Amino acid sequence: MSLTQSFADTEARLAKACAAAARARGSVALLAVSKTQSAETIAAAAALGQRAFGENYVQEALPKMAALASLKLEWHHIGPIQSNKTADIATHFDWAHGVDRLKIAQRLSEQRPPHQLPLQICVQVNISNEASKSGCDPAALPQLCDAIAQLPGLRLRGLMAIPDALQSDAPFAAMRLLFEQVSASHPGIDTLSMGMSGDLEHAVRHGSTMVRIGSALFGSRPTK
Ligand SMILES: *Cc1c(COP(=O)(O)O)cnc(C)c1O
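In the numbering used here, the protein residues as written are 1106 to 1329.
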């Protein structure tokens, strides 16, 4: 399938999901997850009007960012963050969605170059309670958000989760509730990053403001 077609199909899915949830289409941003995709493919997506791209692996992302620097794209780091990767993330990315502990946030804060705009932060929540998945325990979330909101060089934008779609709507609904609770004490936050190729309809129904879509746009990835 052509990129033009898959972007059009995904746009149609998003429009339909928004209509079903009585939401404006403009209330849900599309983050194109470009991990394993070449710089050429990303450039082709950019030519279709896509500006925001998500990458999981710093080492893989940096050469693509350098190759595409003239396009002025917006880069989101969406994977788990190891301590030894924070300097590259703080220097080269616009957003980080996988922040799930204070130590990582502190390093990103210290390492964000002062002349750059703040790094936009989503705190990842472990909502489906799976041992294999990273993310902050929901009970520890308010305290972590309060602490991150104080750090220079960072701007707390919201929450991120990878709800287990096999658990039906429950984890998506739980994320919406957490998002509302955190919003009450942090009026500046505006982003609920949830929903992927397989479950964007669930996510939009439960208040997602940013869906992270990879395979539906770029085709299935080679399994490693
Ligand atoms: C790979 C990835 C996605 C995109 O997944 P698809 O199922 O290909 O849409 C979204 N979010 C995160 C955190 C990912 O790692």
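Backbone N, C-alpha and C fix where the C-beta goes; we use that ideal spot for every residue, glycine too. Because the structure is a prediction, the values reported are computed rather than measured.
| Item | Value |
| --- | --- |
| Considering only residues of the same chain and omitting the five flanking positions on each side of P1218, which have a CB-CB separation below 7 Å? | T1196 |
| Say yes only if the C-beta of R1118 is nearer than 6 Å to one or more non-hydrogen atoms of ligand 1, and no if none qualify. | no |
| Beta carbon of I1266, beta carbon of I1232: below 7 Å? | Residue identity check: residue 1266 is Ala in the sequence provided, not Ile. Yes, the pair counts as a contact, with Cβ atoms nearer than the cut-off. |
| Kindly list the residues whose CB is nearer than 7 Å to the CB of S1288, restricted to its own chain and excluding five residues on each side of it in sequence; keep chain order. | I1294 |
| Inspect the CB distances between the stretch 1186 to 1193 and the stretch 1202 to 1214 and report whether three or more fall short of 8 Å. | yes |
| For the alpha helix (DSSP H) containing V1309, list its first residue and its last residue. | L1305 to R1310 |
| For S1273 and G1240, I'd like the C-alpha separation in whole angstroms. | 20 Å |
| Pairing CB atoms from the stretch 1309 to 1323 with CB atoms from the stretch 1116 to 1133, are three or more of them under 8 Å? | yes |
| Leaving out the 5 sequence neighbours to the left and right, which residues in its chain are closer than 7 Å to N1161 when beta-carbon positions are compared? | K1140, I1183 and G1184 |
| I'd like to confirm the pairing. Which residues does DSSP put opposite R1260 in its beta bridges? | Q1225 |
| Can you list, in chain order, the residues of its chain whose CB lies under 7 Å from that of L1283, leaving out five sequence neighbours each side? | V1230, P1243, L1246 and L1264 |
| In the DSSP assignment, find the alpha helix (DSSP H) that holds A1125 and state where it starts and stops. | L1108 to A1125 |
| Look at K1177 and A1144 and say whether their C-beta atoms are less than 7 Å apart. | no |
| Between which two residues does the beta strand (DSSP E) harbouring H1202 extend? | W1200 to V1204 |
| Between Q1225 and the rest of its own chain, which residues show a CB-CB distance below 7 Å, the 5 nearest in sequence each way excluded? | D1199, W1200, R1260 and R1262 |
| With H, G and I counted as helix, E and B as strand and the rest as coil, what does DSSP make of H1197? | helix |
| Are there 16 or more other CB atoms within 10 angstroms of the CB of S1175, so buried, or fewer, so exposed? | exposed |
| Could you tell me whether the Cβ atoms of A1157 and L1136 are closer together than 7 Å? | yes |
| Can you find the residues in the same chain that come closer than 7 Å, C-beta to C-beta, to I1194, ignoring five residues on each side of it along the sequence? | V1163, H1182, I1186, A1201 and L1213 |
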